[in-house]
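Below you'll find the structure, written out as structure tokens, and then a few comments.
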Ligand code: AHG
Ligand code: MN
Ligand code: MN
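In our numbering, the protein residues as written are -18 to 325.
What follows is the structure in structure tokens.
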């Protein structure tokens, strides 16, 4: 614990996100600073989105009260706003060569002359169904190194497996705004102090608790589940005093928020295949900008992420940008246990 004049150091006098990024850059003398630059630009985008998310509620109230003078931007759908904020900031930062967003069908090129050496895949606003009802939403990001030779980035640069990510993380717009990220050296959480516009280290070196407290799944789909999913969820609900089961059910419907809670308090999240969405045979969540970045974070925090047929999420070779994947993610022991249910 950092000490300050013999007392616990106030968080505001502690480590800012920029200092943390610079400190970790210093540990790699060969680093050019490009990844640090990329993350710094992304953090600016996160602050802008956070401010807008906070204002959105207020705008709505004012809107109902007589549609007073709301800034043009606020009436924009928030997920479109988040998408264009990230896109516009990153396309001319010089650190990224190509991007992919949940909101865009095709790859997003960067401006001519600004091609950098990383790719960025992002879900600009995760948890859309919660946007209008003041429940936590988030932004997810995933960074890879450019692997093709040309000047411009291509889809091939984006279609790399999760184990090759150089950075991944999310911003959660919750009761406070937090940024949680990893560059492969643990997972660190920062909380935004909106009064000074700075992220301060609040959760250093996060480890997912070994014992789960929660399970998170949309149980309304029980009737559409395959037997293995039903049996696995029953296991999570079994009474077992040694493990602390049955776990409590928590399901927000924002992957970021559900994942964040389980990361801090211990738990398993699953979005398996089901028989409901025949047009989405692989479940709902997307590999590149939802499952893979969360899988990197959970692994760095001591947990595990698998598909519902036991494949390691981080080892899946993506074939297309918006590829979906069934996801089971959380504390290692319970996710490992899923293997025995989904094996046969
Ligand atoms: P998005 O808002 O980016 O489309 O993602 C929503 C996702 C994810 O955040 C959440 O876990 C899941 O959809 C919830 O889906 P159900 O409503 O089917 O449970
Ligand atoms: Mn999403
Ligand atoms: Mn989204």
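Glycine included, C-beta positions come from ideal geometry on N, C-alpha and C.
* Residues of its chain near residue 45, where Cβ-Cβ distance is below 8 Å and the 5 sequence neighbours each way are ignored -> In this prediction, residue 45 has a pLDDT of 45, which is less than 50 and means its spatial position is unreliable; what the coordinates show is noted afterwards. Closer than 8 Å at Cβ, skipping near neighbours: no residue.
* What does DSSP give as the partner residues of residue 77 in its beta bridges? -> 99
Exercise for review: Check the C-beta distance from residue 328 over to residue 201 and give it rounded, since I have them as a contact under 8 Å.
Suggested key: This structure leaves residue 328 out entirely; the chain is present only between -18 and 325.
Review point. Taking all protein chains shown into account, do 16 or more other C-beta atoms lie within 10 angstroms of the C-beta of residue 105, making it buried, or fewer, making it exposed?
Key: buried
- Please state whether DSSP places residue 52 in a helix, a strand or coil. Only weak support exists for where residue 52 lies, its pLDDT of 44 falling under 50; the value from the coordinates is given anyway. In this structure, residue 52 counts as coil in the three-state DSSP scheme.
Next item on the list: Could you check what DSSP says for residue 182 in three-state terms: helix, strand or coil?
Entry: strand
Q.
Give me, in chain order, the residues of the same chain whose beta-carbon lies closer than 6 Å to that of residue 128; leave out the 5 immediate sequence neighbours on both sides.
A. 138
**Message:** My output table needs one value for residue 121: the three-state DSSP class, helix, strand or coil.
**Reply:** strand
| message | On the DSSP letters alone, give me the boundaries of the alpha helix (DSSP H) that residue 214 sits inside. | response | 208 to 218
Specify the secondary structure class of residue 198 as computed by DSSP and reduced to three states.
-> coil
query: residue 73: buried (16+ other C-beta within 10 angstroms of its C-beta) or exposed?
result: exposed
Can you tell me the Cα-Cα spacing of residue 66 and residue 85, whole angstroms?
14 Å
How far does the alpha helix (DSSP H) with residue 60 in it extend, from its first residue to its last? 59 to 71
Margin query: Nearest by alpha-carbon distance to residue 191: which of 315, 17 and 36 is it?
Written below: 315
Checklist entry - Would the beta-carbon of residue 143 fall within 7 Å of that of residue 24? => result no
When you compare only the Cα positions, how much space is there between residue 92 and residue 100? 14 Å
Going by DSSP, name the residue or residues bridged to residue 104.
121
**OP:** Would you grab the beta carbon distance between residue 96 and residue 132 for me? Rounded to a whole angstrom, and I think it's under 8 Å.
**Re:** 5 Å
- Under the three-state reduction of DSSP, which class applies to residue 46: helix, strand or coil? Reliability fails at residue 46, whose pLDDT of 44 lies under 50, so the model's placement of it is uncertain and the value that follows must be treated cautiously. Residue 46: coil per DSSP, three-state reduction.
- Query: Can we count residue 107 as close to ligand 3, meaning its CB is less than 6 Å from some heavy atom?
  - Reply: yes
- prompt: DSSP state of residue 294, grouped into three classes?
  reply: helix
Review point. Which residues mark the beginning and the end of the beta strand (DSSP E) in which residue 161 is found?
Key: 158 to 163
Here's the rule: buried if 16 or more other CB atoms are within 10 angstroms of the residue's CB, otherwise exposed. What is residue 3? exposed
Problem set entry | Per-residue DSSP class, three states only, for residue 148 | strand
Could you tell me whether the Cβ atoms of residue 154 and residue 246 are closer together than 7 Å?
no
**Report entry** Cβ neighbours of residue 198 in the same chain (closer than 6 Å, five flanking residues each side left out)
**Finding:** 251
| Looking at C-alpha atoms only, which residue of 290, 165, 312 and 269 is the closest neighbour of residue 298? | 269
Review point. Grouping DSSP H, G and I as helix and E and B as strand, with all else coil, what is residue 279?
Key: helix
key: From 87, 90, 77 and 35, residue whose alpha carbon lies closest to that of residue 113   = 35
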